[in-house]
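In my numbering, the protein residues as written are 19 to 465.
Below you can see the structure in the form of structure tokens.
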């Protein structure tokens, strides 16, 4: 076997080539040369982050699994057309997102090819989708593009959680290339200021009130509406189809416009419902001019058309988002839906509590909960709600107002509404010690 392999034509060709041109170990890349390669590939700006940077901590295991011996992350931005994103016609905005996304992935592939030519290994995780859906609803991405972009000095996240580039503003898409090549020096340094103007136009434009004046971000509200035709929003729609008795019943549950919108997302790529926070942002050297020249005109031309746009806004029943739509946007129609988010473990339950917390529903609530889980998972958790604030910590801390002891599987089934509260209590798989009304108060804070 070994002798035949050595006589294989491919092996002989490689040996002959190595004799005439011996392979050399790849030298550390000059940052100026690497930057030139990335710009030539189509990137509008680029920066580099070493694998041991703290910004990589949450992704490092996935990165090393994707490319063993990875050394450097190449972060880059692709500029978008602001006017296309700002128009009230969402088909135009989504076309810009899709084309810019395709361009970002193509640029990343060209950078990967150039790094291969330089003697290294490299790969590019997707700008957005596809992701690792077998992990859903956990961490489905390989690289957190926003964190890496910040570490590379390409921008800083504003209060709307979009990265704002100092020149292009937030009208950018982000890409990351992973390589086992080192950069000799000149890794990106973080910006020493935040380009965000704190003008709060994103707060005014968001149809679901996901961005508060104080800086709190309601992930659940944004996810339920803007990502309605992605992931769990799609799952919720499928369950609606399954629950419908017949075509007439389905039409009572889902309007024709919703149905064809879902078809459009399935056919041409999932469409965002809003992204208004990005649309109205005036930050960035190339973007700020009209805002500085005439702020009233900027609000009239950019912000008001989005605020006045008649549209369906998807909200979870009883959420802060539903109340926000009713109070602030009479032209918009709130549509109660399930966001389809389900947790698969106690750890996910704890991690997602801050993401689903509704401060508005938690006003005047001052309650401490102790959770004690047993069975398939054993864990102890303290959840303290104090007048619109939330504190989640592992372990039991302080004196609880309500103690909940639960079989872990039963608790997760209860959250998914596969098991009713009464059955869980009767079977003693769920026990509560304290006023039962505090269970309802807890649920109200996490609609």
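All C-beta atoms, glycine included, are put in the ideal place defined by N, C-alpha and C.
Check your understanding: If we count the other Cβ atoms within 10 Å of its Cβ and call it buried at 16 or more, is residue 211 buried or exposed?
Key -> Exposed is the call here.
Kindly indicate which three-state DSSP category residue 467 falls into: helix, strand or coil? Past the edges of the chain, shown from 19 to 465, lies residue 467, and the structure says nothing about it.
* Can you tell which of 309, 296 and 168 has the C-alpha that lies nearest to the C-alpha of residue 324? -> 296
- Message: Tell me the residue span of the alpha helix (DSSP H) that contains residue 164.
- Response: 163-169
Q.
Using only CA atoms, which one of 350, 128 and 381 lies nearest to residue 464?
A. 381
Item to complete: Just grab the DSSP bridge partners of residue 388 for me.
Response: 400 and 421
**Asked** Hey, residue 185 and residue 303 are a contact pair by Cβ (cut 8 Å); roughly how many whole angstroms apart?
**Response** 5 Å
Under 7 Å between the Cβ atoms of residue 95 and residue 116?
no
Out of 313, 331, 190 and 270, which one is the CA nearest neighbour of residue 99? The alpha carbon of residue 99 has as its nearest neighbour, out of 313, 331, 190 and 270, the alpha carbon of 190.
Count the other C-beta atoms from every protein chain shown that fall within 10 angstroms of the C-beta of residue 318, then say buried if there are 16 or more, exposed otherwise.
So residue 318 ends up on the exposed side.
Identify, in the order they occur along the chain, each residue of the same chain with its Cβ nearer than 7 Å to the Cβ of residue 393, setting aside the five sequence neighbours on each side. 425, 426 and 427
- request: Express the C-alpha separation of residue 444 and residue 386 in angstroms, rounding to a whole number.
  value: 24 Å
| said: Here's the rule: buried if 16 or more other CB atoms are within 10 angstroms of the residue's CB, otherwise exposed. What is residue 36? | reply: exposed
Just to confirm before moving on: does the CB-CB distance between residue 93 and residue 170 stay below 7 Å?
Against a cut-off of 7 Å, the Cβ pair of residue 170 and residue 93 comes out as a contact.
**Report entry** Counted within 10 angstroms of its Cβ, other Cβ atoms place residue 286 as buried (16 or more) or exposed
**Finding:** exposed
Anyone know if the C-beta pair for residue 91 and residue 229 falls short of 7 Å?
In this structure, residue 229 does not lie closer than 7 Å to residue 91 by Cβ.
Is the segment 217-231 touching the segment 104-122 in the sense that three or more CB pairs, one from each, lie closer than 8 Å?
-> no
query: Which first and last residues belong to the alpha helix (DSSP H) in which residue 53 is found?
result: Counted as a single uninterrupted DSSP element, the alpha helix (DSSP H) harbouring residue 53 occupies residues 49-58.
Do residue 59 and residue 128 come within 7 Å of each other at the CB atom, strictly closer than that value? yes
Whose CA, out of 108, 305 and 76, lies closest to the CA of residue 330? 108
Cutting at 8 Å between CB atoms, please list the residues of its own chain near residue 438, excluding the five before and the five after it. 432
Any chance you could list the beta strand (DSSP E) runs of at least 3 consecutive residues sitting entirely within the segment 303-355, in chain order? Whole beta strand (DSSP E) segments, 3+ residues: 330-333 and 351-354.
Margin query: If I follow the unbroken alpha helix (DSSP H) through residue 222, where does it start and stop?
Written below: 219-223
- [ ] With a threshold of 16 other CB atoms inside 10 Å of the CB of residue 247, please say whether the residue is buried or exposed.
- [x] buried
Worksheet item: In its own chain, which residues sit with a C-beta less than 6 Å from the C-beta of residue 340, not counting the 5 before and 5 after it?
Response: 333 and 352
Under the three-state reduction of DSSP, which class applies to residue 159: helix, strand or coil?
coil
Subject >> Cβ pair count under 8 Å reaching 3, the segment 162-176 against the segment 67-77 >> reply: yes
TODO: For the beta strand (DSSP E) containing residue 194, list its first residue and its last residue.
DONE: Segment 190-197, the beta strand (DSSP E) holding residue 194.
>> Taking a contact to mean a Cβ-Cβ separation below 7 Å, would you say residue 395 touches residue 361 in this structure?
In response: no
**Q.** Cβ distance (whole Å) where residue 413 is taken to contact residue 423 below 8 Å
**A.** Between residue 423 and residue 413 the Cβ distance is about 15 Å, and since that is not below 8 Å, they are no contact.
Exercise for the section: Sort 144, 244, 403 and 454 by Cα distance to residue 372 and report the nearest one. Expected result: For the residues 144, 244, 403 and 454, the minimum Cα distance to residue 372 belongs to 403.
List the DSSP bridge partners of residue 175. 181
Would you mind sorting residue 151 into buried or exposed? The rule is 16 or more other CB atoms within 10 Å of its CB. So residue 151 counts as exposed.
Q. Residue 27 lies in the alpha helix (DSSP H); which residues open and close that run?
A. 27-38
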